[in-house]
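Novice: Structure in structure tokens, see below.
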Amino acid sequence: MHVLIVDDEPLAREELAYLVKQHPAITSVEQAESVEQAIAKMLDQKPDILFLDIHLTGESGFDLAEKLVHLKKAPYLVFATAYDQYALKAFQVNAKDYILKPFDQEQISQVIEKAIKQGVPSKPPKEQPTILKQGEEQYEAIAIQGDDRIYMVSPKDIYCVWVEEKTLSICTENQVYEMIGRLNQLEQKLPKELFIKTHRSYLLNRKKVQEIQPWFNHTLQVILTNGQRVPVSRSFVKDFKEKFGI
Numbered sequence: 000m001h002v003l004i005v006d007d008e009p010l011a012r013e014e015l016a017y018l019v020k021q022h023p024a025i026t027s028v029e030q031a032e033s034v035e036q037a038i039a040k041m042l043d044q045k046p047d048i049l050f051l052d053i054h055l056t057g058e059s060g061f062d063l064a065e066k067l068v069h070l071k072k073a074p075y076l077v078f079a080t081a082y083d084q085y086a087l088k089a090f091q092v093n094a095k096d097y098i099l100k101p102f103d104q105e106q107i108s109q110v111i112e113k114a115i116k117q118g119v120p121s122k123p124p125k126e127q128p129t130i131l132k133q134g135e136e137q138y139e140a141i142a143i144q145g146d147d148r149i150y151m152v153s154p155k156d157i158y159c160v161w162v163e164e165k166t167l168s169i170c171t172e173n174q175v176y177e178m179i180g181r182l183n184q185l186e187q188k189l190p191k192e193l194f195i196k197t198h199r200s201y202l203l204n205r206k207k208v209q210e211i212q213p214w215f216n217h218t219l220q221v222i223l224t225n226g227q228r229v230p231v232s233r234s235f236v237k238d239f240k241e242k243f244g245i
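According to numbering that gives the first Met the number 0, the stretch in the sequence shown is residues 0 to 245, in order.
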């Protein structure tokens with residue numbers, strides 16, 4: 000069982016993490032001090048239980064809780080706070096439990112046992128064999144953080160990705176998703192046999208290429224099957240041509 004603790008007080012996080020780790024069903028515990036950091040951790044870890052403080056530096060735990068409402072598989076939400084006046088509001092955002100500081104071992108164990116009884120898996124599910132059609136490849140979906148929800152997009156549905164300043168744009172057939180991030184971070188999550196870098200700011204799906212055109216100064220321009228145009232800079236032309244056999 001994976002746990003994420005969100006609290007802006009380091010000592011409070013460490014104390015709660017220690018208590019949580021004592022339960023035999025817990026396999027990992029991650030910590031975050033802000034909503035932004037928590038979202039980043041959730042994209043990587045996908046916690047089963049989320050312990051969330053209400054008063055964070057300059058923001059509220061409810062900002063994160065309201066985003067979770069839109070998720071199909073939201074973590075088991077437990078508000079862990081020093082304030083008792085927000086209990087009603089907590090349950091309006093689908094909180095499963097509400098506990099007050101200071102915590103003790105018995106209290107935390109009861110929270111985890113309650114989560115298990117309500118269906119939170121205490122052991123990782125066994126992977127079922129996936130039967131693929133001939134020539135079909137299976138790729139794990141990429142989590143894309145939108146303004147008010149997290150989108151799960153299969154790499155095979157992504158046409159190209161580009162970055163401008165700190166904003167990543169992920170282009171599918173009919174939509175462009177935007178999120179804060181770095182191109183190399185997303186590149187590491189995308190299948191290397193499917194995506195190639197054509198520019199320091201661009202990645203494209205090689206199976207979505209429709210046309211390759213000469214461009215200025217010995218560069219190339221790629222037109223994808225959805226009409227999107229992607230540049231191939233001089234630094235990447237040689238590698239690009241080798242991969243496409245041209």
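A virtual CB, placed ideally from N, CA and C, is assigned to each residue, including glycine.
Helix, strand or coil: how does DSSP classify R228 here?
Specialist: Strand at R228.
Novice: For I107, does the three-state DSSP call read helix, strand or coil?
Specialist: I107: helix per DSSP, three-state reduction.
Novice: Give the secondary structure of K163 by DSSP, where H, G and I count as helix, E and B as strand, and everything else as coil.
Specialist: Note that residue 163 is Glu in the sequence shown, not Lys. In the structure shown, E163 sits in a strand (DSSP, three-state: E or B).
Novice: In angstroms, rounded to a whole number, what distance separates the CA positions of L67 and S200?
Specialist: When rounded, the distance between both Cα atoms is 31 Å.
Novice: Does the ligand FMN have even one heavy atom less than 7 Å from the beta-carbon of Y138?
Specialist: The model depicted lacks the ligand FMN and carries no ligand whatsoever.
Novice: Would you identify the three-state DSSP class for I149, choosing helix, strand or coil?
Specialist: Three-state result, I149: strand.
Novice: What span of residues does the alpha helix (DSSP H) with D238 cover, start to end?
Specialist: Where D238 is concerned, the enclosing alpha helix (DSSP H) stretches over R233 to F243.
Novice: Does T224 pass the burial test, meaning 16 or more other C-beta atoms within 10 Å, or should it be called exposed?
Specialist: Exposed.
Novice: According to DSSP, is Q117 part of a helix, a strand, or is it coil?
Specialist: It is coil, neither helix nor strand.
Novice: What residue from V229, L3, K240 and L203 has the CA that sits closest to I111's CA?
Specialist: Closest by alpha carbon: L3.
Novice: With a threshold of 16 other CB atoms inside 10 Å of the CB of I48, please say whether the residue is buried or exposed.
Specialist: Buried is the call here.
Novice: Any idea what DSSP makes of L99, helix, strand or coil?
Specialist: If DSSP states are grouped into helix, strand and coil, L99 belongs with the strands.
Novice: Let's test the definition: count the other Cβ atoms within 10 Å of the Cβ of N183 and tell me whether it reaches 16, buried, or not, exposed.
Specialist: Per the 10 Å Cβ criterion, exposed.
Novice: Report yes if the C-beta distance between K71 and H1 is below 8 Å; otherwise report no.
Specialist: No, they are not a contact pair.
Novice: Using beta-carbon positions only, say whether A94 and D52 come within less than 8 Å of one another.
Specialist: Against a cut-off of 8 Å, the Cβ pair of D52 and A94 comes out as no contact.
Novice: Taking Cβ to Cβ, would you say L219 is nearer than 8 Å to F194?
Specialist: No.
Novice: Taking all protein chains shown into account, do 16 or more other C-beta atoms lie within 10 angstroms of the C-beta of D62, making it buried, or fewer, making it exposed?
Specialist: Exposed: under 16 other Cβ atoms inside 10 Å.
Novice: Between K188 and I179, is the Cβ-Cβ spacing less than 8 Å?
Specialist: Contact: no.
Novice: Rounded C-beta distance between E32 and D7? I'm assuming under 8 Å.
Specialist: Yes, they are in contact, since the Cβ atoms of E32 and D7 sit about 5 Å apart, within 8 Å.
Novice: By the three-class DSSP mapping on this structure, what secondary structure does H217 have?
Specialist: It is helical.
Novice: Quick check: what's the CA-CA separation for V229 versus V162?
Specialist: Spanning the two alpha carbons is a distance of roughly 12 Å.
Novice: Taking C-alpha atoms, which residue in P23, W214, I222 and H217 lies nearest to K206?
Specialist: Considering only alpha carbons, the answer is I222.
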